[in-house]
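Trainee: Just so you know, the sequences run in chain order A and B.
Using my numbering, the letters of the first sequence map in sequence onto residues 54 to 188.
Using my numbering, the letters of the second sequence map in sequence onto residues 54 to 188.
From the three backbone atoms N, C-alpha and C, an ideal C-beta is built for every residue, glycine too.
2 protein chains.
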Amino acid sequence: MINQLALRAARLTADLLGHTSVRSDFAVLAGLEEFGSVSQADLGRRLGMDRSDVVAILNRLQNDGLVQRSTDALDRRRNTVTLTAAGRRHLNELEVQLGAVQNALLKPLSAGEQQQLTSLLLRTLDAERDCPGPN
Amino acid sequence: MINQLALRAARLTADLLGHTSVRSDFAVLAGLEEFGSVSQADLGRRLGMDRSDVVAILNRLQNDGLVQRSTDALDRRRNTVTLTAAGRRHLNELEVQLGAVQNALLKPLSAGEQQQLTSLLLRTLDAERDCPGPN
DNA sequence: CCACTTGCGTTGGCGCCACCAACGATCCTA
DNA sequence: TAGGATCGTTGGTGGCGCCAACGCAAGTGG
């Protein structure tokens, strides 16, 4: 049903970008820009992914100098993750490329319909995001 | 972007159904019902999945008696795959359950909006499906 | 009739991704 | 001060999509 479209999206991103794991990288980078400097666990919670996977992604990103890990002084368990300048640049590039992918994917729809669709998707996502929390 | 929703959908299906690989099974069963008895390669092409994966899924389904493989008399390379009565029954059950999942997922939307959304998704999917072929 | 090419089913491996279990370190609280 | 709770990390598991290679059958041109 809906998975079909997600698969198409994944395939297109894989085609246009080198077929490495850009999607999770982008998710983390975008999350960092949106939320600022956060701990890894918070990041995972807000992005809806597991702590262990966040670790792997951050290892990659840190290795590429896109992200900086520093132990929080107030709570030495936590790692405060910060976006570097290079990371911000890389995120911008990814946004451009993924925007192109999205355009290609939604090409058969008019501009108004595209907006309509994304609005509907975001609404269901937001509503869904609240559901499991407060329970 | 869109992958988020797909993930939600996957999680919901995993919650409501036993977290085994029901999704691909359903895809194959639904494809069989839609296309009738077809060869495995045709099935894979129409569903947009790899031949090797179709093999694995068919092994499972055949083992559960939901599907029957028989070598085509006219072209002995091909395996004609047929839905058994049990397979059709199982498909119906899955349709009910997945319908419930879809309802839960799209609950925050009104009925009209739900229809609108699925229509938009199907349109982009259909348009996309033609694109890679004629090139 | 014999290569040659094409398509089919099957096997095996790789990579991405979501999930779970466990551990040491650290913080918080009773 | 002892016991839980949280954090980062490691390791393993399973689903899923993709590719390469094999053996076999069908068609095609010489």
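Considering only the beta carbon of each residue, do A/Leu96 and A/Ala80 sit closer than 7 Å?
Mentor: Going by C-beta atoms, A/Leu96 is not nearer than 7 Å to A/Ala80.
Trainee: Should B/Asn188 be flagged as near chain A, meaning a C-beta pair shorter than 7 Å?
Mentor: With a pLDDT of only 33 at B/Asn188, under 50, the local geometry of the prediction cannot be trusted, and no value is derived from it.
Trainee: Assign B/Val149 to buried or exposed, taking buried as 16 or more other Cβ atoms, counted over all protein chains shown, within 10 Å of its Cβ.
Mentor: Its Cβ having fewer than 16 others within 10 Å, B/Val149 is exposed.
Trainee: List the residues of chain A that B/Arg99 touches, going by C-beta distances under 8 Å, in chain order.
Mentor: Within 8 Å Cβ-Cβ: nothing; B/Arg99 doesn't reach chain A, min ~12 Å.
Trainee: Do the CB positions of A/Ser92 and A/Arg131 come within less than 7 Å of each other?
Mentor: Yes, Cβ-Cβ distance for A/Ser92 and A/Arg131 is below 7 Å.
Trainee: Helix, strand or coil for B/Arg122 per DSSP?
Mentor: The answer is strand: DSSP assigns B/Arg122 an E or B state.
Trainee: Since B/Leu147 and B/Leu82 should fall inside the 8 Å C-beta cutoff, what is the C-beta to C-beta distance between them, to a whole number of angstroms?
Mentor: About 7 Å separates the two Cβ atoms, so the contact holds.
Trainee: Beta-carbon separation of A/Ala139 and A/Leu162 under 7 Å?
Mentor: Taking 7 Å as the Cβ cut-off, A/Ala139 and A/Leu162 do not qualify as a contacting pair.
Trainee: Are any of the Cβ atoms in chain A nearer than 7 Å to that of B/Ala126?
Mentor: Cβ-Cβ to chain A under 7 Å: no for B/Ala126.
Trainee: When the Cα atoms are used, what is the spatial distance from A/Ser77 to A/Asn112?
Mentor: So the two alpha carbons sit approximately 12 Å from each other.
Trainee: Output the boundary residues of the alpha helix (DSSP H) element that contains A/Leu100.
Mentor: Run containing A/Leu100: 93-100, per the alpha helix (DSSP H) assignment.
Trainee: Could you list which residues in chain B have their beta carbon closer than 9 Å to that of A/Arg104, in chain order?
Mentor: Within chain B, no residue comes near A/Arg104; the closest Cβ sits about 17 Å away, beyond 9 Å.
Trainee: Buried or exposed for A/Gly84, going by 16 or more other Cβ atoms inside 10 Å?
Mentor: The residue is buried, with at least 16 neighbouring Cβ atoms inside 10 Å.
Trainee: When the Cα atoms are used, what is the spatial distance from B/Val134 to B/Leu127?
Mentor: Approximately 14 Å between the Cα atoms of the pair.
Trainee: Which residues of chain A have a Cβ atom closer than 7 Å to the Cβ of B/Glu166, listed in chain order?
Mentor: Correct list: Leu173.
Trainee: Give, in chain order, every residue of the segment 116-145 of chain B whose Cβ lies closer than 7 Å to some Cβ of chain A.
Mentor: Those residues of the segment 116-145 of chain B that come within reach of chain A (Cβ to Cβ, closer than 7 Å) do not exist; the list is empty.
Trainee: Quick one: grab the DSSP three-state call for A/Gln169.
Mentor: A/Gln169: helix per DSSP, three-state reduction.
Trainee: Cβ of A/Thr137 within 7 Å of Cβ of A/Gln121?
Mentor: Result yes, Cβ atoms of A/Thr137 and A/Gln121 sit closer than 7 Å.
Trainee: Could you check which residue in A/Ala94, A/Asp106, A/Ser90, A/Arg98 has the C-alpha nearest to that of A/Ser74?
Mentor: The candidate whose alpha carbon is nearest that of A/Ser74 is A/Asp106.
Trainee: Near A/Phe88, what residues of its chain come up, given a Cβ to Cβ distance below 8 Å and the 5 sequence neighbours on each side ignored?
Mentor: Excluding positions up to five away in sequence, the list reads Asp95, Leu96, Arg99.
Trainee: Quick one: measure Cβ to Cβ for A/Leu173 and B/Glu166, integer angstroms, because I've assumed they're closer than 8 Å.
Mentor: About 6 Å separates the two Cβ atoms, so the contact holds.
Trainee: Taking the continuous beta strand (DSSP E) assigned at B/Leu162, which residues delimit it?
Mentor: B/Leu162 -> no beta strand (DSSP E), and no H or E assigned at all.
Trainee: So B/Leu151 packs on B/Glu86, CB below 8 Å; how close in whole Å?
Mentor: Wrong, their Cβ atoms sit about 14 Å apart, outside the cutoff.
Trainee: Using the C-alpha atoms, what's the distance from A/Arg104 back to A/Thr171?
Mentor: So the two alpha carbons sit approximately 28 Å from each other.
Trainee: Measure from the C-beta of B/Thr177 to each C-beta in chain A and report whether the shortest distance is under 7 Å.
Mentor: B/Thr177 counts as touching chain A.
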